[in-house]
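*Asks:* Chains as they are written, first to last, in UniProt numbering: chain A, 1 to 673; chain B, 1 to 673. Built from N, CA and C at the ideal position, the CB exists for glycine as well.
Number of protein chains: 2
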Amino acid sequence: MMMSLDDKGSVQIQTKVLPQDSWTQVSCPCCVSKQVESLVLIQLSDNVQPVTKRWLISLIEASKRHGGAALLAHPGEDECGDVIVVSAPRCTLLRATEDLGLCKKYRNKEMASFSYHDRDNFTNVDDMQEFLTLAERQYIVKNELDSLQAQKKQRIPGVPEAPGVLEAWENICQKLVRAGVIKDIFPLHDQQRLNDVCRRWYSKKQIWRQPLDAIQSYFGGTMAFYFSFLQFYTWALVPPAFLGLVLTFLLPGGGGVVKEQAVEGVMEEEDYGPSVSGHMVQAVFSMLWSTLFIEFWKRRSSSLSHRWGTRHLTERFAEPRPGFQGTLGLNPVTGRLEPLFPEWQRQLRVGLVSLPLVGLFLGLVVLGMTGFYHGEALVQGFHQDSGSLFSGALLYLPSMAHTVYTNILKNVYHAVAMQLTKWENHREESSFQNHHITKVLLFTFFNNFAVLFHIAFYKQDLPLLRKKLASLLILNQLVNQCTEVVVPFIVDRFLSAAHKKEQEDNLEMDKLRAQRSLPPFPGLFAEYIELLLQFGYLSLFSCVYPLTAVLLLLNNITEIRGDAYKFCKLFRKPFSAPVSNMGVWQTAFEVLGFVSVMSNCWLLLLSPRVQEFCLEGGISGKNIILFAILVEHVLILVKMILAFMIPDEPDWVRIKREQIEFNSMQALGQQKL
Amino acid sequence: MMMSLDDKGSVQIQTKVLPQDSWTQVSCPCCVSKQVESLVLIQLSDNVQPVTKRWLISLIEASKRHGGAALLAHPGEDECGDVIVVSAPRCTLLRATEDLGLCKKYRNKEMASFSYHDRDNFTNVDDMQEFLTLAERQYIVKNELDSLQAQKKQRIPGVPEAPGVLEAWENICQKLVRAGVIKDIFPLHDQQRLNDVCRRWYSKKQIWRQPLDAIQSYFGGTMAFYFSFLQFYTWALVPPAFLGLVLTFLLPGGGGVVKEQAVEGVMEEEDYGPSVSGHMVQAVFSMLWSTLFIEFWKRRSSSLSHRWGTRHLTERFAEPRPGFQGTLGLNPVTGRLEPLFPEWQRQLRVGLVSLPLVGLFLGLVVLGMTGFYHGEALVQGFHQDSGSLFSGALLYLPSMAHTVYTNILKNVYHAVAMQLTKWENHREESSFQNHHITKVLLFTFFNNFAVLFHIAFYKQDLPLLRKKLASLLILNQLVNQCTEVVVPFIVDRFLSAAHKKEQEDNLEMDKLRAQRSLPPFPGLFAEYIELLLQFGYLSLFSCVYPLTAVLLLLNNITEIRGDAYKFCKLFRKPFSAPVSNMGVWQTAFEVLGFVSVMSNCWLLLLSPRVQEFCLEGGISGKNIILFAILVEHVLILVKMILAFMIPDEPDWVRIKREQIEFNSMQALGQQKL
């Protein structure tokens, strides 16, 4: 009820924003409404001709049959302005809901795939603000705009000859962006709702919980999944943090009671780190913990996805993403006319071009690191020989050269990764995102961990690894806290105060303009990669430095609010497609879990205490390696069995899914095709 | 056309078998037919009362609404006989086809999930002999008989008080078997069709191909998948056999040209086996080969499954298997009244009881082997000390004791595995089968390979391993050829000749009786495990003995015909549920592929040539182990990437599957629920 009151409130605010009678009219009687909600802003270039703007508006409002988007458009202040505000009528929203495969609440209170034909049996179907979330409505508008195609070869009015010719079936929005007519398309913030979400997000009462449903409703699925995962992960850090504290402080030297007495003699050498049994406990615990963490997150993820109605998305049956290239033909599955591109050709491109190229860049990272170590050794030798001021200055050269090299490599790689992914020509947006993220992710991960891996596996220097890990963690923390909490706080205090005052005084149209001045949403890649790197430090190397989990736990608690604040106040609202999980990030965490078993076994083998223990027990170095391999293989087997045995979805979600599948099967059986 | 002529022919043969007017009558006008085909034989006990037989027949013919099976029954010669012959009317067959989720050819020549409602649009729907295969019709009859349940508590007429009381919802067939009324239920051979299948199977023209469609039609999916796999596997053996021949005969010592010169000095010692590079080539080839083999089999399997209409089986929505126990309740998915048993409880039983128990038995196998080696050492020491005749006889004791121990253990384990799987209470027959097979498989595999693993990993004695492997392979071959080709040949010559003559002369009813005298079908477990053990020898140890593949190839070529002959002539026809793949066997082959990478890397490490090569190159033993681990992990990674990149179904099958899914989604959307 609370929610619904808020919605009504926000609608009244909206009506103040734009004069209602300037909206384009709808022909369909069910779509006529007194108040039209501004959803998306199209930012045109300053020198756009009124004739071009009129043409674009007419295209937006035209029905699908006439090659339009069947949306509502508002020209802003007047016909010469450089914005078009877009909204969507009820019928367009409902049809798009069916096309997306979203599940909504049915008459019987269960979730069911929405069907336009059967719309009257779904709850709240008459109130679009209740039926679809704001993020869904805005995504649908974007989707409809993106799917605008030229019906035949034509000229864009008011645009000079050369860039202004549309080929038949060319994507209109992409063309207009290339021709410089459209500068940007972005969804509009709804201040009333945003304030409501913020209030509930920061409230003192709910310090341990976030209003995930409200986040999903306002910001969309990707954001909600990120914050759900962040929360889940933070909670999951409590047991390893506890274990880390116990191993570090309660058991001096980290060993059990019996072991402690046995190795009493070497207790003074603090650098040795935890004892054999402490090490063992940490390694086995870390292996079990990472498995359980991922498996239980999968369950959580599937129940969230059911709750938000995104379990049965039909992206692969929908129209391809705008950047998709192919020869025009009939889709063999849906029978629609669309560009086609054979799957095996994409597979070949991924396997024979992308994979080797990514490998090449990873090799270049290694090459850079080797060069750096080589150069450093060279320069240090030179400095020791000559000892001059010049040679002293030279000492900084390898490190500087390496930094420059890494940065150039990173930029080149980012460009290459984007081009490669585009060239792979993915049909679905999610597939495109997953392939792009995987590429960047691999590189970033490799770049960050190369030094640690080098120390751990090549130099085999545990004390150095421990120091490096601690300094990286603490440095990262400080930088993060600064950029994510302190800076936003200052911005809020000094900039936003003035901003807020301004907003209350100015005209409604300027509110829209104000949103344009915000920087665009930076995406969640940086946030996820931060979590993944954290998880890497924790699971790969934590047996060297058991306090890792404690530091991460502290970091994450502030991270949640910092991120929340950042996304609410400092950026434009992002478009957010409905998603059913975290996509490739989940796989990345899962893979890291397996790598962690290998790395922990290896670190255990290197640990001076274990080596000492072997020397005392008279076990040969060869046998202890063989034993470590055996342990590694057994642990991986146990991990796989555990992962297999814990179902990926809770029973109640499985039953709901099977119900939908059963109904769908029954329906097929009963229908004459 | 050929097929359809045969069918007509066989129908006429059938009509001779039983007097048509003794069949029970059907009420449904569409099911009336002049000729009824005998499908299944119910063998009653000799002393069954006519009143019991009449009751059972009435139950078989009663409609579903009245708690019957809606089938056709024939009392055999007279009311007192000890057989009931069962057939099925058209409506029952069609409804069951829909319930099973079988796909059949639609009007538009594509496969589509059969729908009773839409039956007239499917081809051949008026001719049951064309529409459903013999195996499907027989399976449906069995399924209907199995699903007979007592509507209320009642007495079985003619059966004494104690065993003769049926509780409400009790399974009638299971009860009758327990009460000793039913001795057996089995499907009937159709001599005409069988001869046709045999003729095409053995024909000289098609020595490299089998009539898989005819096998699927006559014997059902499980058998057809077995023979398809056997054929695919035999073809796949050609490359490794070729490589084995090259490594053994063309390159003396097995090395490349360059290597050959380098190690010329040690070329005489034949026991050393292939050279380093030969070893390497064999190991990497074996890894690649096993991956490609399994991935391409998956593609083949999915296209066979599409061809045979079993891609969309709905076993999980059908009624549970007869042995399934649970509290009666409404199935939350289908809404039907049936026994319910929570999934998590089954998972717990599997994880906390079955898994440890299986582990215990595997431990007992190891214990037995250790005891055997220990005992042998003990006895040999004793014999060397005393040297008497008595101690000489004692030398045989450990081996005999071990054989007895292994046999007892095997029998106990088989009983335990069956009971455990029953107790796990699987809802679906396929799930039951998979869990049972997995258990027996693990044990059999362990039992067979324990000695080889012991030699390879514990004794680390490669020459012994090579000898043992060769002797096992050659011994297995001889035994197999004997039991599977020579014995059947003798049986055919001397027994079947008389048999055939008898069949032509005797009465029709006696033909049915003759089938009763055949031994029941032994199942495919023994056949599959033989292939799996073969595959194990080949992939795990072949780098030690490169001729393995050649021997296996020779064996398999005779195996195909031997098995075919055996199943056609020597056993009763089996019931065969429609299946969409090989089930757990496919997983077993896949897992073995991964284990083979580990074992090959290990054997490579042990190989005397590699050790020598290291000594010459001055590489320490520790480093070479670390290098081997690295190689192992990289190979496993490559294997996983390959497996991921090769799609599990060919493009055309994927498109057909997506078409069906899309249609099903559309149908759900268009139907009012």
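When you compare the CB positions of A/L71 and A/I60, do they come within less than 9 Å of one another, or not?
*Replies:* Yes.
*Asks:* Beta-carbon separation of A/P332 and A/G371 under 9 Å?
*Replies:* By the CB criterion at 9 Å, A/P332 and A/G371 fall outside the cutoff.
*Asks:* Answer yes or no: does any C-beta atom of chain C fall closer than 9 Å to that of A/H633?
*Replies:* Here the protein chains are A and B, and chain C is not one of them.
*Asks:* Do A/I629 and A/C614 come within 9 Å of each other at the CB atom, strictly closer than that value?
*Replies:* no
*Asks:* Closer than 9 Å, Cβ to any Cβ of chain B: which residues of the stretch 293–321 of chain A, in chain order?
*Replies:* H312, T314, R316, F317
*Asks:* Mind pulling the alpha helix (DSSP H) runs of 4 or more residues that sit fully within the stretch 116–162 of chain A?
*Replies:* 128–131, 134–146
*Asks:* Run through chain B and tell me which residues come within less than 7 Å of A/T334, C-beta to C-beta.
*Replies:* F662, listed in chain order.
*Asks:* Between A/K109, A/L132, A/C91, which has its C-alpha nearest A/H117's C-alpha?
*Replies:* Cα-wise, what sits closest to A/H117 is A/C91.
*Asks:* Give me the Cα-Cα distance between A/F341 and B/Q191, rounded to the nearest whole angstrom.
*Replies:* 51 Å
*Asks:* Comparing alpha-carbon positions, which option in B/T133, B/H66, B/Q210, B/A241 lies nearest B/A549?
*Replies:* B/A241
*Asks:* For B/F446 and B/I529, I'd like the C-alpha separation in whole angstroms.
*Replies:* 12 Å
*Asks:* Tell me, please, whether the CB atom of B/A667 is closer than 9 Å to any CB atom in chain A?
*Replies:* yes
*Asks:* Under 6 Å Cβ to Cβ from B/A599, same chain only, skipping five residues before and after it: list those, please.
*Replies:* The sequence given here places Ser at residue 599 of chain B; Ala does not occur at that position. The residues L540, in chain order, have a CB closer than 6 Å to that of B/S599 in the same chain once the five nearest residues on each side in sequence are set aside.
*Asks:* By Cβ distance, which residues of its chain are closer than 6 Å to A/F317, with the 5 residues on each side in sequence left out?
*Replies:* Counting only Cβ-Cβ distances below 6 Å, and skipping sequence neighbours, we find T334.
*Asks:* Going along the stretch 336–362 of chain B in order, which residues come within less than 9 Å of chain A, judged by CB to CB distance?
*Replies:* P342, E343, W344, Q347, V350, G351, L355
*Asks:* Looking at the C-beta of A/G101, does it have a partner C-beta in chain B at a distance below 9 Å?
*Replies:* yes
*Asks:* Please classify B/M280: is it buried, with 16 or more other beta-carbons within 10 angstroms of its beta-carbon, or exposed?
*Replies:* buried
*Asks:* Quick check on A/I557: does DSSP put it in helix, strand or coil?
*Replies:* helix
*Asks:* Please state if the CB of B/V416 and the CB of B/L357 are separated by a distance shorter than 9 Å.
*Replies:* Contact flag set, yes.
*Asks:* Which whole runs of the alpha helix (DSSP H) in the stretch 158–199 of chain A are 4 residues long or more, in chain order?
*Replies:* 172–178
*Asks:* Given B/T234, which residues of its chain have a CB within under 6 Å of its CB, disregarding the five upstream and five downstream residues?
*Replies:* N556
*Asks:* Chain B beta carbons: is any one of them nearer than 9 Å to that of A/P160?
*Replies:* no
*Asks:* Just to confirm the assignment: which complete alpha helix (DSSP H) runs, minimum length 4, are found wholly within the stretch 284–357 of chain B?
*Replies:* 343–348
*Asks:* Less than 8 Å between the CB atoms is what I'm expecting for B/F589 and B/L532, so what's the real figure, rounded?
*Replies:* About 7 Å; that satisfies the 8 Å criterion.
*Asks:* At what residue ranges does the stretch 49–93 of chain A contain a whole run of the beta strand (DSSP E), taking only runs of 3 or more?
*Replies:* 72–74, 83–87
*Asks:* At what residues does the beta strand (DSSP E) containing B/I42 begin and finish?
*Replies:* 40–44 is the span of the beta strand (DSSP E), which, as asked, contains B/I42.
*Asks:* Taking its Cβ as the centre, do 16 or more other Cβ atoms sit within 10 Å of B/Q138, making it buried, or is it exposed?
*Replies:* buried
*Asks:* Here's the rule: buried if 16 or more other CB atoms are within 10 angstroms of the residue's CB, otherwise exposed. What is B/C103?
*Replies:* Burial call: buried.
*Asks:* Run down chain B in chain order and give the residues with a C-beta less than 8 Å from the C-beta of A/M128.
*Replies:* Those within 8 Å of A/M128 in chain B number zero; the least Cβ separation is about 20 Å.
*Asks:* Enumerated in chain order, which unbroken segments of the beta strand (DSSP E) with a length of 3 residues or greater are wholly contained in the stretch 604–662 of chain B?
*Replies:* none
*Asks:* Which residues in the same chain have their Cβ closer than 8 Å to the Cβ of A/Q20, if we skip the five residues on either side of it in sequence?
*Replies:* K34, Q35, V36
*Asks:* Please return the same chain residues whose Cβ sits closer than 6 Å to the Cβ of B/D184, not counting the five positions on each side in sequence.
*Replies:* Q43
*Asks:* The beta strand (DSSP E) spanning B/S113 covers which residue range?
*Replies:* Per DSSP, B/S113 belongs to the beta strand (DSSP E) from 111–113.
*Asks:* What whole-angstrom Cβ distance do A/L367 and A/H383 have, given they're in contact under 8 Å?
*Replies:* Contact annotation, A/L367 with A/H383: C-beta distance approximately 24 Å; criterion of less than 8 Å not satisfied.
*Asks:* For B/C103, name the three-state secondary structure that DSSP assigns.
*Replies:* strand
*Asks:* Is A/K439 helix, strand or coil when you go by DSSP?
*Replies:* helix
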